[in-house]
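Numbering (this note's numbering), first residue to last: 168 to 293. Don't be surprised by glycine CBs; every beta carbon is placed ideally from N, CA and C. The next block holds one structure in the form of structure tokens; read it before the comments.
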Amino acid sequence: MLTSLLRRNVFTNFSTGSRNIKTITVIGAGLMGAGITQISAQNGYSVRLVDRQDNLLQKSLGSLENSLKRVAKKKFSDDLPASKKFVSDILSNVTVSTDPKSAVVGSDLVIEAIVENLQVKRDLFK
């Protein structure tokens, strides 16, 4: 029953584009968070990537840049300037923060992608 209600009232409305999403905050700079950030940024969204540790954010940005370079190499194999512009344009859609409270201000969508640890998740949502 709950699943039916959710599907009818939440998922349907969200998937039909009834909301105008421009800014996405992704909390968690691990593998999943970085992947969500990349796909969102590639699709033109402004993305705020959040984690507690700046070194994890920097590592995630490095992975994101390397991944985008691989995509660009396939997409623009004969055009180095276009390849560099592709990577630069997408990276310009991404900002990082260690403060989740300030990062979610003005966000149209917040995605939690932190470690699967109940206490850590509870601490985040306090």
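Environment of residue i [buried if 16+ CB atoms lie within 10 Å]
i	result
Arg237	exposed
Ser244	exposed
Ile281	buried
Check whether residue i and residue j have beta carbons under 7 Å apart
i	j	result
Asn260	Ala196	no
Leu276	Ile191	yes
Ile194	Pro267	yes
Ala201	Ser230	yes
Collapsed DSSP secondary structure at residue i in the structure displayed
i	result
Thr204	helix
Ser259	coil
Leu173	Low confidence applies to Leu173: its pLDDT is 40, below 50, so where it sits in the model is not reliable enough to give any reading.
Asn233	helix
Gln225	helix
Lys293	coil
Gln209	helix
One or two residues paired with residue i in a DSSP bridge
i	result
Thr192	Arg215 and Val277
Thr265	The partner list for Thr265 (beta bridge, DSSP) is empty, contrary to what the question assumes.
Neighbour flag for residue i against chain C, beta carbons, 7 Å
i	result
Thr190	Of the protein chains in this structure there is only one, and it is not chain C.
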